[in-house]
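Asks: Sequence lines, in order, name chains A and B. Residue numbering for the first sequence follows the working numbering, starting at 7 and increasing by one per position. Residue numbering for the second sequence follows the working numbering, starting at 9 and increasing by one per position. Glycine included, every Cβ here is placed at the ideal spot set by N, Cα and C. Just so it is clear, the structure is predicted and the values come from calculations on it, not from any experiment. The following block contains the structure, expressed as structure tokens.
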Amino acid sequence: MPELNGTGVAERESTAHGLQSLPGVRDAFPALSEWIHGEPLVYLDSAATALKPRSVADAVARVYLHGAGAVDRSAHTLGARATTLVDRVRTDLAEFLCASVDEIILTRGTTDGLNLVAMGWARSRLHHGDEVLVTALEHHANLLPWHRACQESGARLVTVPARGGDIYADDVARLLTPRTKLVALTHVSNVTGAELPVAKISALAHAVGAAVVVDGAQGAAVADADVHALGADFYAMSGHKLYGPSSTGALFASRARQAEMTPVALGGGIALRVTTDQVTLREGPQRFESGSPNVEGAAGLSAALAFLQEIGKHARIAHARRLATHAAAELLRIPGVRVVGAPAQRTGIVSFVLEGVHAHDVATWLDSRGVAVRAGRVCAHPALDALGEREIVRASFGVYNDVHCVRALCAAVQSAKKTLGAS
Amino acid sequence: MSAGDLYGPELVDHGNQPRNKRKLARADISAMRSNASCGDEVRVSAAVTGEKLVDVVFEGDGCLVSLASASMLTTLVKGKSREEALALVGQARTYFEQLGDAPASMPGLAAFSGLSRFPVRRACARLAWEALANALVEASPTAASRT
């Protein structure tokens with residue numbers, strides 16, 4: 007990559023700490039040895055879904071190869087094995103979220119969890135004249151359920167504006183009223199990478215009696231998902247962005263809020279006793295987990311959480327932040343690149359626009375160089391509208407990335423500009 | 009251009025300097041299609057005299073692939089009858105689906121052969137052609153052509 011604006015790349019990289027690979031991590035991901043269009047894979051799309059370490063693949067394969075029965079149903083040894091795996095992932099998730107085991111509802115992911123809150127908690131509690139606060143940076147998963155909840159109840163959806171691609175507690179404070187029943191916000195923006203001041207906002211919301219629902223799809227991977235420190239009443243997260251299997255995840259729901267919830271899906275596994283005209287539901291999170299649990303998903307997610315524990319929470323979070331911050335600075339050195347948003351606290355995401363070149367063309371060009379990024383409107387149309395962007399290119403960093411990935415990204419963006427830009 | 013590249017000189021030229029990207033004072037047929045994955049929209053319109061598409065234009069913003077395809081469409085379809093235009097739409101659909109040899113009637117579509125390595129972008133190339141198909145079938149905004 008040609009040198010730009012004085013200081014050399016090598017010098018900038020040598021003065022930035024922690025841009026090298028985390029020890030031993032890259033070797034744990036078999037997919038990183040893939041070649042894409044004749045180039046080694048540079049995976050910068052962990053915010054969409056993360057690659058999986060071998061230990062996760064092995065854990066999933068073990069379930070299929072050695073057998074696991076039905077959870078909490080079959081009395082035989084394989085049934086007990088399955089029950090143990092699902093019990094274990096609940097314990098592991100509780101530890102990951104700094105919560106108690108009985109506060110963890112197993113879900114198919116963040117969207118599933120947020121919809122459970124909207125349908126199983128908010129629907130019966132929102133009334134005409136109430137207000138639901140959301141931020142201008144929400145992913146559709148934390149917006150569409152509230153659209154519907156408001157339409158059905160007559161409550162009003164109020165949007166906290168974004169400034170510089172970030173959300174500030176002061177702006178939330180101005181919009182909170184005694185009518186606010188719920189504040190739904192993302193932990194980390196999937197567009198700008200901003201980590202929102204969730205703890206401050208939670209304190210403000212609780213002061214007016216509002217509950218706090220946090221979309222942790224991104225935050226669980228690149229920020230500290232200590233749900234009690236955040237002050238969340240609900241925190242929804244996905245396993246696949248945490249290097250675990252697809253269709254796994256959890257909803258943290260405090261005991262007090264769980265007591266106010268009604269199961270949305272009814273069926274096997276949630277009842278203590280059923281007669282032809284009466285149902286007695288069981289206590290605890292299992293009453294929201296109707297149907298046979300995802301055993302192989304549970305095994306894989308436990309393996310992913312163990313893998314992350316070995317790396318360490320602070321090392322994982324700091325690594326992604328440093329790389330994204332370095333990438334934002336390097337991208338800004340390329341003439342014609344505009345980085346989207348300047349958040350006070352950037353996490354592992356950096357979105358940008360290459361002037362005069364459509365985001366999908368940039369992404370395809372990068373793909374032809376082996377660099378995988380996300381492009382488009384990233385399921386956050388109102389957020390892009392608020393930021394004044396039609397579409398964006400998003401690079402996101404995980405535990406397996408390093409400074410070489412940033413270099414490959416910037417080199418490919420420069421060549422895209424040269425070849426695809428209008429002369 | 010290496011084998012992995014979608015963006016050959018002809019595609020980039022049509023994409024960056026699209027032909028017939030303008031509005032018609034009076035369109036006899038017109039239709040818009042959008043790409044759900046990116047929100048890009050292309051409107052294809054034509055002036056029709058008798059059965060003949062005497063002028064074909066498009067409007068909209070999009071990626072190089074969708075703009076280049078729309079640009080090429082206008083040059084390929086102008087002067088054709090409705091029936092001939094519909095036949096070209098069919099051939100273009102087949103080409104973008106299979107990405108084998110470009111049809112003999114439209115050798116210029118070979119500029120999109122790189123799509124075979126980037127299949128998710130086929131929808132971009134099809135966008136204008138689907139709009140034209142809609143316009144020809146629905147004959148909007150006015151069913152009557154000028155005679």
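With three or more beta-carbon pairs closer than 8 Å as the criterion, would you say the stretch 359-373 of chain A touches the stretch 146-156 of chain A?
Replies: Judged by Cβ distances under 8 Å, the stretch 359-373 of chain A makes no contact with the stretch 146-156 of chain A, as fewer than three pairs qualify.
Asks: Cβ of A:E109 within 6 Å of any heavy atom in the ligand GTP?
Replies: Although the ligand GTP was asked about, the structure shown includes no ligands whatsoever.
Asks: Would you call the CB atoms of B:A136 and B:V20 closer than 7 Å?
Replies: Cβ atoms of B:A136 and B:V20: not closer than 7 Å.
Asks: Report yes if the C-beta distance between A:G342 and A:E316 is below 7 Å; otherwise report no.
Replies: Not a contact, by the Cβ cut-off of 7 Å.
Asks: Name the two residues that bound the continuous beta strand (DSSP E) containing B:L96.
Replies: Unbroken run through B:L96 is the alpha helix (DSSP H), 90-106; no beta strand (DSSP E).
Asks: Is the Cβ-Cβ distance between A:G222 and A:V356 less than 7 Å?
Replies: No, they are not a contact pair.
Asks: Residues of chain B with CB closer than 7 Å to the CB of A:W41, please, in chain order.
Replies: What A:W41 touches in chain B: nothing, since even the nearest Cβ is about 11 Å away.
Asks: Identify which residue in A:D78, A:L99, A:L28, A:A190 has its Cα closest to the Cα of A:N121.
Replies: Nearest option by C-alpha distance: A:A190.
Asks: With 7 Å as the threshold, decide whether the Cβ of A:D391 is near any Cβ in chain B.
Replies: Chain B, which has no Cβ nearer than 7 Å to the Cβ of A:D391, makes this no.
Asks: Taking only beta-carbon atoms, is A:L50 less than 7 Å away from chain B?
Replies: Output row for A:L50: interface = no.
Asks: Going along chain B in order, which residues have a C-beta closer than 9 Å to the C-beta of A:L47?
Replies: Near A:L47 there are no residues of chain B at all, since even the closest Cβ is about 14 Å away, more than 9 Å.
Asks: Tell me, to the nearest whole angstrom, how far the beta carbon of A:V92 is from that of A:V301; I am working on the premise that it is less than 8 Å.
Replies: 6 Å between Cβ atoms; contact.
Asks: Taking 8 Å as the threshold, find out whether the stretch 50-59 of chain A comes into contact with the stretch 400-412 of chain A through three or more Cβ pairs.
Replies: Touching, yes.
Asks: Taking B:L107 as the reference, give the member of B:S124, B:M114, B:S79 with the closest Cα.
Replies: Closest by alpha carbon: B:S124.
Asks: Between which two residues does the beta strand (DSSP E) carrying A:Y175 extend?
Replies: Residue 175 of chain A is actually Ala in this sequence, not Tyr. Counting along the chain, A:A175 falls outside any beta strand (DSSP E), though it belongs to the alpha helix (DSSP H) covering 175-181.
Asks: Is it buried or exposed, B:T155, if we count other Cβ atoms within 10 angstroms and call 16 or more buried?
Replies: In this prediction, B:T155 scores a pLDDT of 38, lower than 50, which makes its location untrustworthy; no coordinate-derived value is stated.
Asks: Between the C-alpha atoms of A:G274 and A:R383, what's the straight-line distance to the nearest angstrom?
Replies: The alpha-carbon atoms of A:G274 and A:R383 are separated by roughly 39 Å.
Asks: Spatial neighbours of A:A378 within its chain, please: C-beta separation below 8 Å, excluding the five flanking residues on both sides.
Replies: The residues are I42, L47, V48, Y49, L50, D51, L372.
Asks: Quick check: the Cα distance between A:R180 and B:F120, rounded to an integer number of angstroms?
Replies: Going by the C-alpha atoms only, they are around 53 Å apart.
Asks: State the Cα-Cα distance for the pair A:V123 and A:A256, rounded to the nearest angstrom.
Replies: Cα to Cα, A:V123 sits roughly 12 Å from A:A256.
Asks: Check whether the Cβ atoms of A:L188 and A:V138 sit closer than 7 Å, and answer yes or no.
Replies: It is a contact, given that the beta carbons lie within the stated cut-off.
Asks: For A:Q264, which option in A:T286, A:F240, A:V363, A:Y249 has the closest C-alpha, if you only look at C-alpha atoms?
Replies: The residue with the shortest Cα to Cα distance from A:Q264 is A:F240.
Asks: Please name the residues in the stretch 417-428 of chain A whose beta-carbon is closer than 7 Å to at least one beta-carbon of chain B, in chain order.
Replies: Cβ contacts with chain B: T425, L426, A428.
Asks: Can you list, in chain order, the residues of its chain with a C-beta nearer than 7 Å to that of A:G73? Leave out the 5 residues immediately preceding and following it.
Replies: Around A:G73: L84.
Asks: Residues of chain B with CB under 8 Å from A:R383, in chain order?
Replies: Within 8 Å Cβ-Cβ: C46, G47.
Asks: Mapping the DSSP letters down to three states, classify A:E40 as helix, strand or coil.
Replies: A:E40: coil per DSSP, three-state reduction.
Asks: Given that A:S357 touches chain B, what residues does it touch there, using C-beta distances under 9 Å?
Replies: Those within 9 Å of A:S357 in chain B number zero; the least Cβ separation is about 15 Å.
Asks: Contact defined as beta carbons within less than 8 Å: I believe B:F66 pairs with B:N28. What is the distance between those atoms, to the nearest angstrom?
Replies: Indeed they touch by this definition, with Cβ atoms about 7 Å apart.
Asks: Comparing C-alpha positions only, which one of A:L210, A:V270, A:Y249, A:C156 sits nearest to A:D177?
Replies: Residue A:L210 is the option with its Cα nearest to A:D177.
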